[in-house]
Amino acid sequence: MRSTGFTLGNHYIDQPLALAPMAGITDLPFRKICKRFGVGLMVTEMIASRAIEQKRERTQKMAIVDAGEHPVSIQIAGSDPKYMIAAANWAVEHGADFVDINMGCPVKKIVKQVAGSAMLRDEKLVATILDALVKAIDVPITLKIRTGWDENSKNVENIARIAEGCGVQMLTVHGRTRAQMFNGHANWEDIGRAKSVVSIPVIGNGDIVDAETALEMVRISGCDGVMIGRAVQGNPWLLGEVSAALTGKPIPSKPTAEERWAVVEEHMQLLVEHHGEYSASRLARKHVVWYSKGLRGSAEFRGHFQRIEDWQAQLETAQNYFLGLQNPVPLAA
Ligand SMILES: Cc1cc2nc3c(=O)[nH]c(=O)nc-3n(C[C@H](O)[C@H](O)[C@H](O)COP(=O)(O)O)c2cc1C
């Protein structure tokens, strides 16, 4: 099955594959690593519209986009049109080709402010925000949602229709309700329900783990592209596999031990450049350990690596582990 690209504003998205926004994970270093494996559409981590107003250094950093990662979307969250318009303008000033609106975040802190997935319970507010943003902002506004608040109040079709009616130019659907959080399974039929009522591109999201599941989601939902999040953590090669599968190209071979280490090392260097050594070593505890997932000796490596405080020592320990693996890279027994 081949999936062709689609047009979004002035951009043609030739690879119908997006990296999912993940707060605390899809920072600039991770996005730079992912881009080369075949991401057609990049999305930043969510930025709260009120945080932008406070002009914190951390927030500014989250909106730094690299020249090589376009087309890129900066994702914002909030429920007050005034702050959302200011945030969207700020995103465009920072280089966003599109502004993505978060109506999927399930976490309590966001939901309590009636933002993220809580918006799905108030269709009138959804329309008000989207209408105001589309009218005020020159670049395409896109929307990311869940399928509804809970099993009894799924409204994915209504929200899709409202979004298209307001002039939203692309919709991403994570096939879970808010009540599911990250439990159970994403319902790919529900993604198809959104697709069947609109003519804007619909991106399917939730539970893709390999090329086969990506193709299966496209087959079941008819979505125009796919978005992958958790399965890319420590495995950016997955993007190359899915991209090839979607565009009908041969699936690239798995990385050798040397290729894997080259990516881990570069990722660690990028973390230092972007965050400084202290934060980089904390972030490396997540990312570097993810790169070892499923490989022989990963449990011992994880236990050891996570106790190291110093970034330089982390680098040496990681090098010993990843280059100590023979080719082909041995999987855990
Ligand atoms: C740690 C983490 C952080 C996330 N942060 C965001 C976010 O900032 N904005 C957003 O729209 N979704 C966020 N998500 C949801 C993902 O974008 C995606 O919808 C979800 O993980 C399902 O896709 P997957 O099964 O491919 O991971 C986050 C998910 C995780 C696991």
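Counting in my numbering, the sequence shown runs from 6 upward without gaps. Glycine included, each C-beta is placed from N, C-alpha and C at the ideal position.
I'd like to know if Phe327 contacts chain C, where contact means its C-beta is closer than 8 Å to some C-beta of that chain.
No chain C is present in this structure, which holds just one protein chain.
With H, G and I counted as helix, E and B as strand and the rest as coil, what does DSSP make of Thr9?
Counting from 1 along the sequence shown, the entry for residue 9 is found at position 4. Coil.
Compute the distance between the beta-carbons of Ile79 and Ala68, then report whether it is under 8 Å.
In the sequence shown, the residue the question calls residue 79 occupies position 74. In the sequence shown, the residue the question calls residue 68 occupies position 63. Cβ distance < 8 Å, so Ile79 and Ala68 count as in contact.
Between which residues of its own chain and Gly209 is the CB-CB distance below 6 Å, once the five residues before and five after are set aside?
One-based indexing of the sequence shown puts residue 209 at position 204. Excluding sequence neighbours, Gly209 sits near Ile196, Met222, Ser226, Cys228 and Val231.
So what's His190 in DSSP terms, helix, strand or just coil?
The residue you call residue 190 lines up with position 185 of the sequence shown. Coil.
Under 6 Å Cβ to Cβ from Ala28, same chain only, skipping five residues before and after it: list those, please.
As a first step, residue 28 is located in the sequence shown; it is residue number 23 there, counting from the start. Closer than 6 Å at the Cβ level, and outside the excluded window around Ala28, lie Glu50 and Met51.
Would Asp32 be called buried (16 or more neighbouring beta carbons within 10 Å of its own) or exposed?
Residue numbering aside, residue 32 sits at position 27 when the sequence shown is read from its first letter. Label assigned to Asp32: buried.
If I follow the unbroken beta strand (DSSP E) through Phe103, where does it start and stop?
Residue numbering aside, residue 103 sits at position 98 when the sequence shown is read from its first letter. Phe103 -> beta strand (DSSP E) spans Phe103 to Met108.
Measuring alpha carbon to alpha carbon, tell me which of Ala199, Asn332 and Gln174 ends up nearest Asp102.
Within the sequence shown, numbered from 1, the residue matching residue 102 stands at position 97. Checked all of Ala199, Asn332 and Gln174; the closest Cα to Asp102 is Gln174.
Given that a residue counts as buried once 16 or more other Cβ atoms are within 10 Å of its Cβ, and exposed if not, what is Ala168?
What you label residue 168 is simply residue 163 of the sequence shown in a count that begins at 1. By the 10 Å Cβ count, Ala168 comes out buried.
From what residue to what residue does the beta strand (DSSP E) around His75 run?
Residue numbering aside, residue 75 sits at position 70 when the sequence shown is read from its first letter. Counting along the chain, His75 falls outside any beta strand (DSSP E), and DSSP gives it neither H nor E.
Quickly, what does DSSP pair Lys149 with across the bridge? List them, please.
Counting from one through the sequence shown, the residue named residue 149 turns up at place 144. Paired residue(s): Asn107 and Thr177.
Would you check whether ligand 3 has a heavy atom nearer than 7 Å to the C-beta of Asn107?
For the structure depicted, ligand 3 is absent and the ligand set comprises only ligand 1.
Verify whether the separation of the beta carbon atoms of Met108 and Lys149 is less than 8 Å.
As a position in the sequence shown, residue 108 is number 103, starting the count at 1. As a position in the sequence shown, residue 149 is number 144, starting the count at 1. In this structure, Lys149 lies closer than 8 Å to Met108 by Cβ.
What does a CB cutoff of less than 6 Å around Pro335 pick up in its chain, not counting 5 residues either side in sequence?
For this step, residue 335 is matched to residue 330 along the sequence shown. Same-chain partners within the cutoff: Arg301.
May I ask you to report which of helix, strand or coil DSSP gives Gly423?
Lying before the first or after the last residue shown, residue 423 is absent from the chain, which here runs from 6 to 338.
Give me the residue from Lys117, Ile38 and Val237 with the minimum Cα distance to Leu276.
As a working mapping, residue 276 is identified with position 271 in the sequence shown. Of Lys117, Ile38 and Val237, the residue nearest in Cα terms is Ile38.
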